[in-house]
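Participant:
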Amino acid sequence: MSEKLWGGRFSKTTDEMINEFQASIGFDRRMYREDIAGSLAHAAMLAKVGILSEDDRAAIEQGLRDILAQIERGEFAFSVELEDIHMNIEKRLTDAIGEAGSRLHTARSRNDQVALDTHMFVRHAVVDVLDHIREIQHALVESAAANKDVIMPGYTHLQRAQPILFAHHLMAYFGMLARDFERFQGVYARTDIMPLGAGALAGTTLPIDRAFVAKRLNFERIYTNSLDAVSDRDYILEFLSAASILMVHLSRLSEEIILWCSREFSFVELDDAHCTGSSMMPQKKNPDVSELVRGKTGRVVGHLMAMLTAVKGLPLAYNKDLQEDKEGLFDTIDTVKFSLAVYAQLIRGMKVRADVMRHAVEADFSNATDLADYLVRKGMPFRQAHSVSGQAVARCIERKIWLADLPLADYQKLSALFDEDVYEAIRPETCVAYRNSYGGTSYEQADMQLEAARELMTEEHKIISTLTGKQQLL
Ligand code: ARG
Numbered sequence: 000m001s002e003k004l005w006g007g008r009f010s011k012t013t014d015e016m017i018n019e020f021q022a023s024i025g026f027d028r029r030m031y032r033e034d035i036a037g038s039l040a041h042a043a044m045l046a047k048v049g050i051l052s053e054d055d056r057a058a059i060e061q062g063l064r065d066i067l068a069q070i071e072r073g074e075f076a077f078s079v080e081l082e083d084i085h086m087n088i089e090k091r092l093t094d095a096i097g098e099a100g101s102r103l104h105t106a107r108s109r110n111d112q113v114a115l116d117t118h119m120f121v122r123h124a125v126v127d128v129l130d131h132i133r134e135i136q137h138a139l140v141e142s143a144a145a146n147k148d149v150i151m152p153g154y155t156h157l158q159r160a161q162p163i164l165f166a167h168h169l170m171a172y173f174g175m176l177a178r179d180f181e182r183f184q185g186v187y188a189r190t191d192i193m194p195l196g197a198g199a200l201a202g203t204t205l206p207i208d209r210a211f212v213a214k215r216l217n218f219e220r221i222y223t224n225s226l227d228a229v230s231d232r233d234y235i236l237e238f239l240s241a242a243s244i245l246m247v248h249l250s251r252l253s254e255e256i257i258l259w260c261s262r263e264f265s266f267v268e269l270d271d272a273h274c275t276g277s278s279m280m281p282q283k284k285n286p287d288v289s290e291l292v293r294g295k296t297g298r299v300v301g302h303l304m305a306m307l308t309a310v311k312g313l314p315l316a317y318n319k320d321l322q323e324d325k326e327g328l329f330d331t332i333d334t335v336k337f338s339l340a341v342y343a344q345l346i347r348g349m350k351v352r353a354d355v356m357r358h359a360v361e362a363d364f365s366n367a368t369d370l371a372d373y374l375v376r377k378g379m380p381f382r383q384a385h386s387v388s389g390q391a392v393a394r395c396i397e398r399k400i401w402l403a404d405l406p407l408a409d410y411q412k413l414s415a416l417f418d419e420d421v422y423e424a425i426r427p428e429t430c431v432a433y434r435n436s437y438g439g440t441s442y443e444q445a446d447m448q449l450e451a452a453r454e455l456m457t458e459e460h461k462i463i464s465t466l467t468g469k470q471q472l473l
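According to numbering that gives the first Met the number 0, the residues represented by the sequence shown are 0 to 473, in order.
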């Protein structure tokens with residue numbers, strides 16, 4: 000008979016290479032807190048329904064708490080032979096307390112156990128991510144508020160398009176992150192379902208109380224179908240998917256910051272403490288953080304693709320393929336949290352070159368729409384105004400000047416509606432201030448956006464506090 004916890008029907012020990020191949024202890028040890036919290040709740044439930052004596056329950060609790068302390072002190076020797084975190088802990092417990100330990104796995108399978116642990120792990124990770132999202136939102140709001148009057152060219156096709164407030168540009172990212180926050184809240188809600196009690200796949204013959212376990216572990220809901228409970232990895236797919244979208248947002252911001260740092264743009268300067276140099280070229284100061292975040296986005300998207308592919312052909316219920324859910328998940332959690340944390344710092348240290356941005360607005364035709372709108376306000380149909388403004392631009396290009404330099408006489412040759420006030424109408428500040436439609440780039444709208452953002456962050460703070468409280472399970 001093999002030494003394994005499942006060794007009863009085996010006459011040979013597991014091949015050493017196979018052991019190593021199938022073990023997950025190398026990575027699932029990260030879930031030790033969730034595994035112990037789950038086992039404590041399970042044991043309490045078994046005692047409550049009379050399957051476990053109170054003495055046995057108390058011995059199990061003490062034994063598990065000792066193991067927890069050992070792991071946290073770094074004194075627990077994890078064994079590949081024991082495959083995963085679940086059997087490592089259960090075997091050590093039984094070695095320490097004897098028969099009571101061997102009663103812990105009553106009415107439970109590793110299939111529902113691992114599902115329980117992973118649900119709890121993802122819930123906790125979501126709360127951490129929410130906290131980090133809020134932090135970077137904070138940094139964006141601070142920078143937007145500190146640079147409230149800074150005007151820059153807004154782009155389409157990466158061609159200067161219309162003058163906008165730098166704050167407006169930053170707050171666009173705030174909006175994306177606000178949706179990321181909501182998305183992760185949704186992930187939490189659909190992760191907050193308790194799988195334990197599904198057994199291996201079909202439930203159990205024993206009189207368990209799943210509601211008791213759910214309440215104890217702060218789960219809002221319980222899986223109503225045992226096959227679904229052990230096979231479901233939607234919550235991991237959703238986490239990876241929300242993480243991918245979030246990383247894509249950071250990656251787009253990265254691309255902009257990398258451009259803005261280039262000599263060609265010179266719109267911002269990053270803090271020296273956030274950049275690196277070149278071992279050969281003495282003048283270099285590279286925006287590595289942004290480049291790395293852009294690069295790591297590919298990795299997170301890759302984890303999502305790997306998991307979708309792993310699940311797509313699986314019959315119900317548990318298949319060992321599902322063990323592949325963890326490494327990509329853990330790497331995604333680490334990558335997203337780290338990326339958000341460094342980004343908050345990067346934004347806080349970013350100096351905005353208002354003069355360069357302003358020059359980029361002045362030395363260009365991004366006020367051509369405003370010139371057309373000026374004529375519209377004086378009664379000209381927009382299509383005609385568009386054409387007149389286009390002709391004015393063409394004259395300026397010929398004479399190598401900008402719209403602000405074109406003499407009134409030339410404007411009046413194009414339309415009698417032009418007057419001295421045209422120059423005021425096409426000043427960058429006027430262009431910005433006049434775009435006061437809801438959600439536009441005006442100073443007034445920017446103030447409203449900032450105020451709404453601060454209110455939202457207060458709400459987010461409350462949500463994070465409530466969810467943080469629910470993660471205290473040990
Ligand atoms: N280590 C396994 C996993 O992560 C735990 C579940 C194993 N169940 C089984 N019947 N082999 O998926």
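Using N, Cα and C, we set each Cβ at its ideal position, and we do this for glycine too.
1. Heavy atom of ligand 1 less than 6 angstroms from the Cβ of Leu-328, yes or no?
2. If you reduce the DSSP assignment to three classes, tell me which class Lys-377 lands in.
3. Say whether the region 160–177 touches the region 138–150, bearing in mind that this needs 3 or more beta-carbon pairs closer than 8 angstroms, one atom from each stretch.
4. Assuming Phe-238 and Val-387 form a contact by the criterion Cβ under 8 angstroms, report the distance between their Cβ atoms to the nearest whole angstrom.
5. Does Trp-259 pass the burial test, meaning 16 or more other C-beta atoms within 10 Å, or should it be called exposed?
6. Is Asp-287 near ligand 1, in the sense that its beta carbon is under 6 angstroms from a heavy atom of that ligand?
7. For the alpha helix (DSSP H) that Leu-164 lies in, which residues bound it at each end?
8. Have a look at Val-126 and Met-456 and give me their C-alpha separation to the nearest angstrom.
9. Report yes or no: do three or more beta-carbon pairs, one from the region 168–184 and one from the region 127–144, lie closer than 8 angstroms?
10. Whether or not the region 205–220 and the region 85–92 are in contact is what I'm after, with contact meaning three or more pairs of Cβ atoms, one per stretch, closer than 8 angstroms; do they touch?
11. If I follow the unbroken beta strand (DSSP E) through Met-151, where does it start and stop?
12. Would you check if there are 3 or more beta carbon pairs closer than 8 angstroms linking the region 347–366 to the region 281–294?
13. Does the Cβ-Cβ distance between Val-292 and Thr-334 come in under 7 angstroms?
14. Hey, Asn-110 and Ile-24: beta-carbon distance below 7 angstroms or not?
15. Taking only runs of the alpha helix (DSSP H) that begin and end inside the region 40–92, which ones reach a length of at least 4 residues, in chain order?
16. Please list the terminal residues of the continuous alpha helix (DSSP H) segment that includes Cys-430.
17. Which two residues bound the contiguous alpha helix (DSSP H) that contains Lys-295?
18. From Ala-432 to Val-140, what does the alpha carbon distance come to, in whole angstroms?
19. Within the chosen definition, does the region 374–384 reach the region 395–406 through at least 3 CB pairs nearer than 8 angstroms?
20. Of the residues Cys-395, Asp-116, Tyr-31, Phe-9, which one's Cα is nearest the Cα of Leu-195?
21. Are there 16 or more other CB atoms within 10 angstroms of the CB of Leu-313, so buried, or fewer, so exposed?
22. When you measure from the CB of Leu-321 to every non-hydrogen atom of ligand 1, does any distance come out below 6 angstroms?
23. With hydrogens ignored, establish whether the beta-carbon of Ser-78 is closer than 6 angstroms to any heavy atom of ligand 1.
24. With which residues is Thr-275 paired in a DSSP beta bridge?
25. Would a C-beta distance cut-off of 7 angstroms place Ala-99 and Asp-27 closer than the cut-off?
26. So, using beta-carbon positions, are Ala-228 and Tyr-234 closer together than 7 angstroms?
Facilitator: Reading from the atomic positions:
1. The sequence position of residue 328 within the sequence shown is 329, counting from 1. It does not: the Cβ of Leu-328 is nowhere closer than 6 angstroms to a heavy atom of ligand 1.
2. Taking the first residue of the sequence shown as 1, we reach residue 377 at position 378. Note: Lys-377 maps to coil in three-state DSSP.
3. Counting Cβ pairs under 8 angstroms, three or more are found: they touch.
4. Within the sequence shown, the letter at position 239 stands for residue 238. Within the sequence shown, the letter at position 388 stands for residue 387. Contact flag wrong, Cβ pair sits at about 54 angstroms.
5. For the purposes of this step, residue 259 is taken as residue 260 along the sequence shown, with counting starting at 1. Buried: at least 16 other Cβ atoms inside 10 Å.
6. For the purposes of this step, residue 287 is identified with residue 288 of the sequence shown, where counting begins at 1. Result no, Cβ not under 6 angstroms from ligand 1.
7. As a working note, residue 164 is residue 165 in the sequence shown. It is not in any alpha helix (DSSP H) - Leu-164 instead sits in the beta strand (DSSP E) that spans 158–164.
8. If you number the sequence shown from 1, residue 126 lands on position 127. If you number the sequence shown from 1, residue 456 lands on position 457. C-alpha separation (whole angstroms): 15 angstroms.
9. With a cut-off of 8 angstroms, the region 127–144 and the region 168–184 count as touching, because enough Cβ pairs lie within range.
10. They do not touch, by the three-pair rule.
11. For the purposes of this step, residue 151 is identified with residue 152 of the sequence shown, where counting begins at 1. 150–155 is the span of the beta strand (DSSP E), which, as asked, contains Met-151.
12. They do not touch, by the three-pair rule.
13. The sequence position of residue 292 within the sequence shown is 293, counting from 1. The sequence position of residue 334 within the sequence shown is 335, counting from 1. Going by C-beta atoms, Val-292 is not nearer than 7 angstroms to Thr-334.
14. Start at 1 with the first residue of the sequence shown, and residue 110 comes out as number 111. Start at 1 with the first residue of the sequence shown, and residue 24 comes out as number 25. Cβ distance not < 7 angstroms, so Asn-110 and Ile-24 don't count as in contact.
15. 53–71
16. Numbered from 1 along the sequence shown, position 431 holds the residue referred to as residue 430. That run of the alpha helix (DSSP H) goes 427–433.
17. Within the sequence shown, residue 295 is the residue found at index 296, counting from 1. Following the DSSP letters along the chain, one finds Lys-295 inside the alpha helix (DSSP H) bounded by residues 287–311.
18. As a first step, residue 432 is located in the sequence shown; it is residue number 433 there, counting from the start. As a first step, residue 140 is located in the sequence shown; it is residue number 141 there, counting from the start. Their Cα atoms are separated by approximately 20 angstroms.
19. no
20. Taking the first residue of the sequence shown as position 1, residue 195 is located at position 196. Among Cys-395, Asp-116, Tyr-31, Phe-9, the Cα nearest to that of Leu-195 is on Asp-116.
21. The residue you call residue 313 lines up with position 314 of the sequence shown. Classification for Leu-313: exposed.
22. Position 322 of the sequence shown holds residue 321. Answer for Leu-321: yes, Cβ within range of ligand 1.
23. Counting from one through the sequence shown, the residue named residue 78 turns up at place 79. No, ligand 1 has no heavy atom inside 6 angstroms of this Cβ.
24. Translated into the one-based positions of the sequence shown, residue 275 becomes position 276. Beta-bridge pairing links Thr-275 to Asn-285.
25. As a working note, residue 99 is residue 100 in the sequence shown. As a working note, residue 27 is residue 28 in the sequence shown. No, they are not a contact pair.
26. For the purposes of this step, residue 228 is taken as the residue at position 229 of the sequence shown. For the purposes of this step, residue 234 is taken as the residue at position 235 of the sequence shown. Against a cut-off of 7 angstroms, the Cβ pair of Tyr-234 and Ala-228 comes out as no contact.
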